[in-house]
Each structure stands twice: as C-alpha cells, then as structure tokens.
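For the record, in the sequence shown the residue sitting at position 341 is 409 according to this note's numbering, with numbers rising by one throughout. Please read the structure below before turning to the comments.
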Amino acid sequence: MTMSLTKKKQKTITVHPDWARLPCHLLDLILEKLESFKDILRFYGVCVSWNSIVKHNKTKCLMKTSHQVPMLMVPNRKQHTWDMYDPMTNKFKEISKLHIPYDKRFGGSSQGWLVTVNRDFTVTLYKPYSTDHDSAIINLPCLFPPEVEDGDLEGLEDMREYCDQHIYKATITADPLINPNDYMVVVIYLHCWKIAIISPGRDNIWRKIDPDEEIFSDILFNSNKFYFLNHNHDTLSSYDSREPYCGTKVTWNNSDNWFGIKSYIVKSFEGDILQVLRRCEWKDSLTIRRTTKVNIFKLDFVDGGVKRVIVKSLGDAALFLGDNSSIYVRASNFLGCKSNCIYFSHDTDLISYGPQGVPCDCGIYNLGDNSYKKFTLLLDDEESTIISKMEAQPPIWIQPILNL
C-alpha cells in the first residue's frame with residue numbers, strides 16, 4: 069500500500085528588531101557617527117529611548133549642531149515672507165511658515181537667532197527654526213536711539229523710518245533657550261561707531277563699551293573674550309566678557325586702502341583667529357558690487373602684539389560670511405559643501421550704509437583657484453528674481469541650531 073505523505077507548509081517567521089530596546093552603548097556609538105543637524109534631529113525623534121540618549125549627550129550634540137551649514141534667508145516679495153535657499157543643493161527648501169517679520173532688515177544672525185530693531189529702538193530676537201512660537205521671540209530694552217534736537221519731530225520720524233539699520237552687526241554668545249541666564253548680546257550700532265552689550269538674564273539695560281573712536285566691521289566671541297575688528301583692517305580690540313570695560317588693542321601695518329574691502333574675523337576649529345578681507349569692485353556709481361578676490365590671514369598674538377600670516381588654503385573648511393556672525397564648518401561633513409571655499413551673501417556695506425540698486429553679490433569664492441561663482445538659482449530662476457530687486461532687505465545666513 070502506498071502512503072501519500074503530505075508535507076506541512078513551514079511558516080516563515082520574520083523577526084522585527086526592537087529598535088527601542090537597543091542597548092545604550094550601541095545608541096551612543098550611532099549618535100557619535102552623526103554630524104548633520106537633520107540626522108541628529110531624526111535620531112532624536114525615533115522614540116523615547118533614542119530621545120533620552122540625545123538629551124544625555126546634550127553638550128556633544130549642541131557642539132555638533134553649532135557648526136552646521138546655514139541656509140540663506142531671501143525675502144519673497146510675491147508672498148511677503150522669507151524663503152530658505154540651500155547653497156548645497158542650489159534649491160529653495162520647503163519649510164513651514166517662519167514666524168519672523170517680513171518688512172525688516174536683520175542686523176545680525178547668531179546661534180540660530182536673528183536680531184532686529186523696532187521703531188522705538190527696542191531690540192527683538194527671533195528664532196526661525198523653533199517649533200514653539202512663544203519661546204522663539206525675545207524682547208530686549210531700548211538700544212541708545214540716535215539723538216535729535218528737542219522738538220525735531222520730523223527728524224525723529226526719519227530716524228524711526230530707518231530703525232532697522234540702527235544695528236550694523238550683532239553676535240550672541242550662547243543660545244538663549246539653552247542658557248537663558250547666561251548669554252550676552254553684543255552689537256555694533258549707530259553707524260558702526262559704538263559698541264553695546266547686554267546680559268538679558270541679569271540686566272535690564274544695555275551697557276556701552278567705549279573704545280577709541282574707531283569704525284568697526286565685525287565681532288567675534290572666543291574663549292570669554294570679545295574681539296572687534298576695525299574698518300581699516302589694521303586694529304583688533306579685545307575685551308574680557310566678565311569685565312567688559314577695560315580692553316586691549318593690537319595694531320599691525322596695513323597697506324590696503326579701506327575703500328572696496330569688507331573685513332571679517334572668524335575662529336577656526338584649531339582655535340586660530342582668522343581675518344578675511346573681501347575685495348569688491350563697484351560699478352554704476354557705487355550701486356552694483358562684485359566680489360573679486362579674498363585674502364585670509366591668521367592672527368598670531370606674540371609679545372603683546374600681533375603678526376599676520378597668510379593663509380593659502382582652508383583645507384577641508386568652508387566659511388559663510390555676511391551680516392551674520394561668521395560661520396566655519398568642516399566641508400566633508402556635508403554633502404555638496406565645497407571645501408576651501410568662502411560662501412558670501414550680499415551684506416550691508418559701510419560705504420552707503422545699506423545695499424542699493426541691485427544687491428546681487430551672493431556666491432562662492434574658491435580660494436584654490438581664486439574663482440568666483442554666483443548662486444545661479446538666485447539669479448536665473450524666474451521665481452527667484454526678487455533678489456535682484458531687494459534694497460532694504462538683504463539676504464542673510466541663518467544656522468539651524470538644535471533645541472533640546
């Protein structure tokens with residue numbers, strides 16, 4: 069007799085890994101490998117356990133996200149809002165509506181915050197990337213308004229009309245949401261002649277820092293010190309942030325004419341202070357500006373003085389310069405970021421105190437071959453031609469900073 073054997077079908081069992089129960093040491097290793105703001109944010113949002121790992125490594129994560137590639141904020145005149153342009157992809161980013169004023173010039177961008185001045189000369193900080201609208205706005209006291217003669221109501225109204233030009237440059241020492249009682253806001257104001265500082269967690273008024281009668285072009289906060297670079301590119305004043313009333317000054321020989329040069333200072337990953345000279349060419353009666361060359365120097369402080377050393381290459385680094393606090397990033401950490409390059413926005417100019425005519429000087433300067441390339445999308449795309457019409461609202465770099 070023949071027996072027919074029926075084979076039982078074997079069930080295939082798929083084992084799904086329990087990502088939420090991965091050991092902490094493995095999650096630490098994964099997090100250690102992440103560099104970009106987006107990747108850390110995605111890691112943070114996976115589940116409660118992954119969220120807690122990021123919070124446990126808060127300091128490390130904040131250090132990483134403080135060196136993120138910024139976006140260029142560009143005003144959109146059609147929709148009366150600001151668009152975010154990503155120079156890495158040469159595209160505008162689709163993001164939710166930003167809770168920031170449209171009809172404003174921002175006098176600074178630092179730690180992921182924007183700085184602007186109101187008609188009563190009070191100062192407001194805005195954080196575009198924050199999901200909490202209420203905590204993304206910080207109001208600061210009145211910042212020493214320009215003086216007008218008694219009864220000169222017309223003069224006062226003119227001052228208010230241009231109030232958002234009252235601050236030329238600003239920097240913030242730490243993210244106010246992370247260090248609400250231990251951060252400072254420092255500004256160059258009143259046509260670049262004066263410097264003021266406030267610690268919002270401790271002060272209710274601005275304090276003046278009164279160095280010699282200099283015109284300043286940039287601010288740097290480094291190792292509890294403020295550095296101010298003068299407009300003639302030959303003097304650096306430094307002040308201790310804990311006692312900002314007595315400063316020191318170093319000067320070097322400089323044969324450059326100040327006309328047509330923008331000057332910046334930035335801190336490298338190695339801790340060096342770099343001076344960047346951006347040489348500009350002017351056309352059509354000083355209304356059109358074009359960057360033609362960039363020189364970078366390392367400032368070596370020796371024997372109470374300073375020696376400038378020419379920097380021929382930034383190596384793997386990239387710089388982002390403009391009305392923002394200067395940003396220094398490791399290019400290899402970000403897809404599309406070009407090493408040994410300087411990314412420029414069309415920032416406020418000292419000659420005319422505000423862009424005029426056609427502010428189209430936005431692009432990338434390659435330090436290796438001294439070539440300059442404009443951001444093509446901003447200039448060629450019909451949807452983006454609004455940048456060629458801006459006068460009172462120059463574009464500005466803004467850095468995404470993680471909130472934990």
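Cβ atoms here follow ideal geometry from the backbone N, Cα and C, with glycine treated the same way.
* Asked: For the region 346–381, which segments carrying the beta strand (DSSP E) assignment without a break, of at least 3 residues, lie completely within its bounds, in sequence order?
  -> 356–370 and 373–378
| Short Cβ contact (9 Å threshold) for G390 with P462 | Yes; because the gap between Cβ atoms is below 9 Å, this pair is in contact.
Can you name the residues that DSSP bridges to W181? S178
(Q) Restricting to Cα atoms, I'd like to know which of L90, I329 and I341 is closest to D415. (A) I329
* Proximity to R346 [Cα-Cα], best of N438, G180 and N292 -> The residue from N438, G180 and N292 with its alpha-carbon nearest to that of R346 is N438.
Kindly list the residues whose CB is nearer than 6 Å to the CB of D448, restricted to its own chain and excluding five residues on each side of it in sequence; keep chain order. Low confidence applies here, because D448 scores a pLDDT of 46, under 50, leaving its location unreliable and the question unanswered by this model.
Problem set entry | Rounded C-alpha distance that separates K262 from R275 | 11 Å
Practice problem: Excluding the 5 residues preceding and the 5 following G404 in the sequence, name in chain order all residues of the same chain whose CB lies nearer than 7 Å to its CB. | Solution: M156 and T157
Give the C-beta separation of F189 and H234 to the nearest angstrom, bearing in mind that I take them to be a contact with Cβ-Cβ under 8 Å. The beta carbons of F189 and H234 sit about 6 Å from each other, so the pair counts as a contact at 8 Å.
Task: Paired residues, beta bridge with K296 - DSSP - done: One point to set straight first is that residue 296 is Phe, not Lys, in the sequence displayed. Per DSSP, I287 and S305.
### Query
If you draw a straight line from the C-alpha of C430 to the C-alpha of V142, how long is it?
The alpha-carbon atoms of C430 and V142 are separated by roughly 11 Å.
Review point. Can C314 be considered in contact with the ligand COA, in the sense that its beta carbon sits closer than 8 Å to one or more heavy atoms?
Key: In the structure on display, the ligand COA does not appear, and there are no ligands present to speak of.
Using the C-alpha atoms, what's the distance from V397 back to G373?
28 Å
Can you list, in chain order, the residues of its chain whose CB lies under 6 Å from that of L224, leaving out five sequence neighbours each side? Same-chain partners within the cutoff: V216.
Check: Could you give the distance in angstroms between the alpha-carbon of L288 and the alpha-carbon of D86?
Finding: 47 Å
Item to check | Contact under 9 Å by Cβ, I395 with V344 | outcome: no
Quick check on the burial criterion: 16 or more other C-beta atoms within 10 angstroms. Buried or exposed for L94?
exposed
Q) Between S393 and the rest of its own chain, which residues show a CB-CB distance below 6 Å, the 5 nearest in sequence each way excluded? A) So the qualifying residues of the chain are S178 and T239.
Endpoints, the beta strand (DSSP E) within which W118 is located
Run containing W118: none in the beta strand (DSSP E); it sits in the alpha helix (DSSP H), V116 to H124.
> Start and end of the alpha helix (DSSP H) containing L90?
Replying inline: Careful: L90 lies outside any alpha helix (DSSP H) and carries neither H nor E.
Name the two residues that bound the continuous beta strand (DSSP E) containing D154. T149 to D154
Margin query: Rounded to whole angstroms, what is the Cα-Cα separation between E451 and S203?
Written below: Note that E451 has pLDDT 42, beneath the 50 cutoff, so the model's placement of it is unreliable and the number below is only indicative. When rounded, the distance between both Cα atoms is 33 Å.
**Prompt:** Thinking C-beta only, is I246 closer than 9 Å to V255?
**Reply:** no
Review point. In or out: H148 buried (at least 16 other Cβ within 10 Å) or exposed?
Key: exposed
- Return the Cβ separation of L99 and N125 in integer angstroms, given the expectation that the two are a contact with Cβ distance under 8 Å. 6 Å
I432: first and last residue of the uninterrupted beta strand (DSSP E) it sits in
G431 to N434
query = DSSP state of Y170, grouped into three classes?
reply = coil
Please tell me whether I466 and P91 are closer than 9 Å, where the distance is taken between their beta carbons.
The Cβ atoms of I466 and P91 do not sit closer than 9 Å to each other.
- Task: Could you tell me which residues DSSP puts in a beta bridge with I256?
- Result: Looking at the DSSP assignment, I256 forms a beta bridge with K237 and I263.
Q.
For R270, tell me which candidate among N249, N290 and I283 has the shortest Cα-Cα distance.
A. N249
### Query
How far does the beta strand (DSSP E) with V191 in it reach, from first residue to last?
T190 to Y194
Reference P169; option with closest CA among G180, T192, S120 and E162 = The closest CA to that of P169, considering only G180, T192, S120 and E162, is found on T192.
Give every residue of the same chain whose Cβ lies closer than 7 Å to the Cβ of A386, excluding the five residues on either side of it in the sequence, and list them in chain order.
Answer for A386: V397, A399, C405, K406, S407, C409 and Y411, listed in chain order.
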